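Going by this note's numbering, the first residue of the sequence shown is number 13, and it counts up by one from there. Even for Gly, the Cβ is constructed at its ideal location relative to N, Cα and C. Predicted model, so just to flag it, every value in this text is computed and none were measured. Just below is one structure, and these are the notes that go with it.
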Amino acid sequence: MQDKDVSTAIDEQRGKVKALREQLRQLDSVYSEHERQRTALGKHIATLLNQTKHLRAERNMLTAQVKEKKDQRQKLNDDIRQKVMYIKQLNEQKKNVEHTAGESPGRLRQQIEILDTKIQTEALPFEKEKELMKKIKEFKKKLDHAVKGSHVWEEAHTLSKEIDQLKEKADTLHRDIQQQAEESQRKHESILESSKKIDELKKNEQELDTKLDNLKKQLDTAGGNLQTELSKLSELTGEQEEMNKQELKRLKDAEHKAISERKKDVEDKLKRGEKLTTQDLLVMQG
C-alpha cells in the first residue's frame, strides 16, 4: 500500500473510531439515565413496601381489637339475655304474689295491729277471739306473700338497672367496633391501593431492567467494535510509521550516494589538475 493510500485509510479509520466513541458516549448517557431511574424506582418501591407493612400491622391490630370487642359485646349480650329471661320470671312471681296478697305490706300490718290490739284490750267471747286470731293468721300469711313480692320487685328493679348498664356498655362497644372496623377497612383499602401501585412500579422496574440489559449488550458490542477499530488504526499507524522510516532511509541513502558521486567527481578533477569550485571545496569538506 502506498503512503497516500495509508494516510487515506488512517483518516477513514479515525472517522470510524470517532463515530464509535460518540456512539459509546450516547449509549453510556442513556444507560446512566435509565440506571438513575431504576435506582429512584427501587427506592420508591421500598418506601411503599415499608408503608404497606406498617399499614398491614395497624390493620391487623385493629382487626384483633374489633374481634376482641365483638367477643366482649357477645358476652354482654348473652348476660343481658339471661338477665332479661330472669326478670321475666321475677315479673311473673310479682304477679302471683300480688294476686295472692291482694294488699300492700303496710296495709296488712296495720290490719294485723288493729286486730291484735282489739284482742289485747277488749274482753271478747272465745269464739270471737278465735275468729280474730284466724283473721290475723290469714293477714300474716298475706303479709308474707306481700313481703316476698316486695323483695321480688326490688330484685327486679335492681336487675333492670344492671340490664340498662350492660346495654350501655354493649352500645359503647358497638360504637367502638364500628369506628375501628371502618378505620381497619380504610387501612385495608390503602393497602390494596399501595399493592396495586407497587405491582405497577415493579412492572416498570422490570421494563427498565430489560432496557438496561439491552443497553449493556449494546455497550459491550460498541466497546468491542471500538477496540477492533482502534487495533486497525494502530496497525495502519504502525504501517505508516514503517513506511516513513523506509522513505527516510531511502532519502538518506540517495543523499549519501549523491555526495559520494560528487566527491568522486571532485577527486577526478584533482587528478586531471582542474581548478576546483567553491561547491567542490564544500563537497570535499563534507
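### Query
If we call anything under 7 Å between Cβ atoms a contact, is I99 one with L171?
yes
### Message
At the level of alpha carbons, what is the spacing between S207 and E180?
### Response
40 Å
### Query
With distances taken between CB atoms, is the gap from R85 to L224 smaller than 7 Å?
no
### Task
Determine contact between the stretch 235 to 248 and the stretch 21 to 31, defined as no fewer than three beta-carbon pairs at a distance below 8 Å.
yes
### Task
Could you check how far apart the C-beta atoms of R48 and E217 are, in whole angstroms? I think they sit under 8 Å.
Between E217 and R48 the Cβ distance is about 13 Å, and since that is not below 8 Å, they are no contact.
### Query
With DSSP run on the structure shown, which of helix, strand or coil describes T75?
helix
#### Entry: Nearest-angstrom Cβ-Cβ length linking D40 and L220, presumed shorter than 8 Å
16 Å between Cβ atoms; not a contact.
### Query
Which one of L294, G285, E254, M255 has the shortest CA to CA distance from S272?
L294
#### Entry: Exposed unless 16 or more other CB atoms sit within 10 angstroms - verdict on H111
Low local confidence applies: a pLDDT of 47 at H111 is under 50, so the model's placement there is unreliable, and no value is given.
### Message
Determine whether the beta carbon atoms of E141 and I131 lie at a separation below 7 Å.
### Response
yes
### Message
What does the Cβ neighbour count give for I214, buried or exposed, with the cut at 16 atoms within 10 Å?
### Response
Inspection of the sequence shows that residue 214 is occupied by Lys rather than by Ile. By the 10 Å Cβ count, K214 comes out exposed.
#### Entry: Counted within 10 angstroms of its Cβ, other Cβ atoms place E241 as buried (16 or more) or exposed
buried
### Task
Tell me whether A31 sits in a helix, a strand or coil according to DSSP, three-state version.
helix
#### Entry: Contacts around Q167, its chain only, beta-carbon distance under 7 Å, and the 5 residues preceding and following it disregarded
The sequence given here has Glu at residue 167, not Gln. Same-chain partners within the cutoff: L102.
### In chain order, each beta strand (DSSP E) run of at least 3 residues that lies wholly inside the stretch 128 to 157
none
### Query
Apart from the five residues just before and just after K82, which ones in its own chain have a Cβ nearer than 7 Å to its Cβ?
I189
### Message
Using the three-state DSSP reduction, which class does G285 fall into: helix, strand or coil?
### Response
coil
### Own chain partners of D6 with C-beta closer than 7 Å, once the 5 adjacent residues on each side are dropped
An answer regarding residue 6 cannot be provided, because it is not within the stretch 13 to 298 covered by the chain.
### Query
Shorter than 7 Å from the beta carbon of L39 to some beta carbon of chain C?
You won't find chain C in this structure, because it holds only one protein chain.
### Query
To the nearest angstrom, how far is it from the Cα of A113 to the Cα of I148?
Only weak support exists for where A113 lies, its pLDDT of 46 falling under 50; the coordinates are left without a value.
### Query
Can the beta-carbon of V18 be found less than 7 Å from the beta-carbon of E212?
no
### Query
In its own chain, which residues sit with a C-beta less than 6 Å from the C-beta of V78, not counting the 5 before and 5 after it?
I189, Q192, A193
### Task
With a 10 Å radius around its C-beta and 16 neighbouring C-beta atoms as the bar for buried, classify S44 as buried or exposed.
exposed
### Task
Out of I57, R33, V96, state which residue places its alpha-carbon closest to the alpha-carbon of K173.
V96
### Message
Can you list, in chain order, the residues of its chain with a C-beta nearer than 8 Å to that of K228? Leave out the 5 residues immediately preceding and following it.
### Response
Y43
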